[in-house]
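Accompanying notes for the structure given below.
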Amino acid sequence: QDCNTCHMADPWLHSPWIDSAKLPGTDEPVVPRVSGPDAPYQVIGAAFAGWRLQHFALEGNGCTACHRVAPTGCDDLLYSTGHPSAFALPLTSSVEGVPWMPPVGSVSEADIDEVLDCCAHPTDPACNLTDVPRERPPTDHNIR
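In my numbering, the protein residues as written are 638 to 781.
Now the structure itself:
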């Protein structure tokens, strides 16, 4: 229930801890990488047909050049950048030492502020709330 609260923009949520999990006896990650903000994503099943999968499409933003940020994923974003958030509270009483994003020098404060502004005001036209790219779902005649 309410899975799309966290998974509106992508199927996987990554952190250094999650990415350190490897399949037994291999260097292969348990949680796969999805290839960037233009990778297709859809939720399969009639129960999920009503989900609207959206993200902020911010042209020239360093954060969204690599990540899709959904209006419902802002707490996770805040946690990864070291800001207190509702996501962090059940996990730890402190976010000190936690931030792994952004990598040093990879984005500007203006990029971060733009995303945080969109988190606070997701319907602002400047946030360019856009449907996540989807592949065409399979139909009965092309499933084998």
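Cβ coordinates follow ideal geometry from the N, Cα and C atoms, glycine included.
Small disclaimer: the values here were computed from a predicted structure and weren't measured.
For residue i: DSSP bridge partner residues
| i | result |
| --- | --- |
| P666 | K659 |
| T606 | With the chain running from 638 to 781 in the structure shown, residue 606 is simply not present. |
Best match in the options for proximity to residue i [C-alpha to C-alpha]
| i | options | result |
| --- | --- | --- |
| S640 | I681, E665 and C756 | One point to set straight first is that residue 640 is Cys, not Ser, in the sequence displayed. Of I681, E665 and C756, the residue nearest in Cα terms is I681. |
| L766 | T701, D748, S745 and I749 | T701 |
| C711 | H692, N698 and G697 | H692 |
| A757 | I655, A707, D656 and A683 | A707 |
| I655 | G662, T663 and P669 | P669 |
| S717 | L753, F685, W688 and D664 | L753 |
Spatial neighbours of residue i in its chain, beta-carbon cut-off 8 Å, leaving aside the 5 residues before and after
| i | result |
| --- | --- |
| L660 | P666 and V667 |
| E696 | N765 |
| P759 | F693, P708 and L766 |
Neighbourhood of residue i by C-beta, 6 Å cutoff - its chain only, sequence neighbours within 5 removed
| i | result |
| --- | --- |
| A694 | N765 and T767 |
| A658 | V667 |
| D748 | N698, G699 and C700 |
| C755 | F693 and C764 |
| A684 | none |
Residue range of the unbroken alpha helix (DSSP H) whose run includes residue i
| i | result |
| --- | --- |
| I749 | E746 to A757 |
Beta-carbon contacts of residue i that lie in its chain and below 7 Å, excluding the five residues immediately before and after
| i | result |
| --- | --- |
| V744 | G699 and C700 |
| V769 | A646, Y678, L690, Q691, H692 and R705 |
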